[in-house]
Amino acid sequence: MARAVELLSRREYSRRELFTRLKPHAADPDEIEAVLAELAERHWQSDERYAQALAQSKQGRWGSTRLAQALRSKGVDRDTIAQALDGVDDLDACRGLWQKKFGEPPADAQEKAKQMRFLAARGFPADVVRKVLAEAGHSRDD
Numbered sequence: 002m003a004r005a006v007e008l009l010s011r012r013e014y015s016r017r018e019l020f021t022r023l024k025p026h027a028a029d030p031d032e033i034e035a036v037l038a039e040l041a042e043r044h045w046q047s048d049e050r051y052a053q054a055l056a057q058s059k060q061g062r063w064g065s066t067r068l069a070q071a072l073r074s075k076g077v078d079r080d081t082i083a084q085a086l087d088g089v090d091d092l093d094a095c096r097g098l099w100q101k102k103f104g105e106p107p108a109d110a111q112e113k114a115k116q117m118r119f120l121a122a123r124g125f126p127a128d129v130v131r132k133v134l135a136e137a138g139h140s141r142d143d
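For the sequence shown, the positions run 2 to 143 when the working numbering is used.
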């Protein structure tokens with residue numbers, strides 16, 4: 002219990018992530034489950050709070066697709082992920098990231114593909130990426 006509280010005092014952890022960190026230090030997995038249940042009961046550990054914290058901290062740099070994948074990999078359930086990503090605006094985040102990284106419309110098809118790959122790798126949906134680059138292309142024509 003002391004080790005779990007020490008870990009949680011530094012940052013939020015998902016239940017599965019905390020289980021994995023405690024596993025080498027416990028003789029019985031049931032013992033870890035009991036500790037995790039008590040932590041959840043006291044509201045010291047919460048997957049909902051963990052999901053919200055991760056979504057807020059990565060929101061400007063990652064799209065909803067990548068955020069959802071990161072949360073799934075940490076053992077957060079679908080409903081909690083959906084709730085955490087409810088307020089995420091991919092279009093604004095994608096525009097901001099594109100502006101910061103590139104700032105000017107692509108000069109040719111090769112540069113456009115590079116920008117699309119960059120934004121897609123950050124987890125932005127393809128339709129959002131196309132829209133941001135289309136808007137950039139229109140501003141270039143002005």
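C-beta atoms are modelled at their ideal positions from N, C-alpha and C, and glycine is treated no differently.
* **Member of A3, A121, G138 whose CA lies at the smallest distance from the CA of G64** => G64 has its Cα closest to that of A121, out of A3, A121, G138.
* To do: Evaluate R16 with the Cβ neighbour count: other Cβ atoms within 10 Å of its Cβ, from every protein chain shown; 16 or more gives buried, anything less gives exposed.
  => With 16 or more Cβ atoms within 10 Å of its Cβ, R16 is classed as buried.
* Asked: DSSP on D109, reduced to helix/strand/coil?
  -> Here DSSP, grouped into helix, strand and coil, assigns D109 to coil.
* To do: Just tell me which of Y51, A114, A35, D93 has its CA closest to the CA of I82.
  => Proximity to I82 across Y51, A114, A35, D93 peaks at Y51, based on C-alpha coordinates.
* Assign R123 to one of two classes, buried (16 or more other C-beta atoms within 10 Å of its C-beta) or exposed (fewer than that). => Answer is buried; the Cβ neighbour count reaches 16.
* Asked: In terms of residues, what are the limits of the alpha helix (DSSP H) holding G64?
  -> Note, G64: premise wrong, no alpha helix (DSSP H); not H, not E.
* Would you please state the rounded distance, in angstroms, between the beta carbons of Q46 and L37? I believe it to be under 8 Å. => Rounded, the Cβ-Cβ distance is 7 Å, consistent with contact.
* Asked: Do you know how far the Cα of R11 is from the Cα of P30?
  -> Cα to Cα, the separation comes out at about 23 Å.
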